[in-house]
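Numbering (our numbering), first residue to last: 335 to 520.
Notes follow the structure.
Below you can see the structure in the form of structure tokens.
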């Protein structure tokens, strides 16, 4: 009996909660809407999900739906809108995943740099600790305490020229040792 009803009559019965009208609409349009969705999506599962969601929404919202066009126009427009929303969501997800991937790669790079900096600091400290005591003392006062050559010379009771020469020699020595370490390190 329902298969002989027009789309208009089915839509009125649907709004009044008639399950058989809903089933007739489902039987009448499911395959057509699936084909329409598949031509746009090229994925049977996604097309099936979209059409299924549409029919669920149609039943759940049956009493409030306003069919401003005819029933078939409403259904095709609803599928088209759901496909559009699907593409927007997919694009947003892809963009998010791309951003996340870039962030994670950058995070790995930053972590690697931080680890290398710490390792290098340990190597430098080891080389400084291996210096003769007087060189190490002058170097630490200059680099770690931030004292000028004049201040170091006053504190140690030596000439400023001696301090300058010791720091220069220390830097040359450290540079040579670090150069060989860095060749292996990098």
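Note that the Cβ used here is the ideal one computed from N, Cα and C, for glycine as well.
| Reduced DSSP category for residue 467 - H, G, I as helix; E, B as strand; rest coil | helix
| query | Any idea if residue 464 is buried or exposed, counting beta-carbon neighbours within 10 angstroms, 16 or more meaning buried? | reply | The C-beta of residue 464 has fewer than 16 other C-beta atoms within 10 Å across all chains shown, which makes the residue exposed.
| query | Which residue comes first and which comes last in the alpha helix (DSSP H) that contains residue 359? | reply | 353-375
| Is the stretch 349-367 in contact with the stretch 381-400, if contact means three or more CB pairs nearer than 8 Å? | yes
| Considering residue 481, what are the terminal residues of the alpha helix (DSSP H) in which it resides? | It is not in any alpha helix (DSSP H) - residue 481 carries neither H nor E in the DSSP assignment.
| With contact counted as at least three CB pairs below 8 Å, one residue from each stretch, are the stretch 372-382 and the stretch 412-428 in contact? | yes
| Helix, strand or coil at residue 476 according to DSSP, with G and I counted as helix | helix
| query | Taking contact to mean at least 3 C-beta pairs separated by less than 8 Å, is the stretch 477-487 in contact with the stretch 449-458? | reply | no
| residue 375: beta carbon under 7 Å from a heavy atom of the ligand COA? | The ligand content of the structure shown is nil, which means the ligand COA is not present either.
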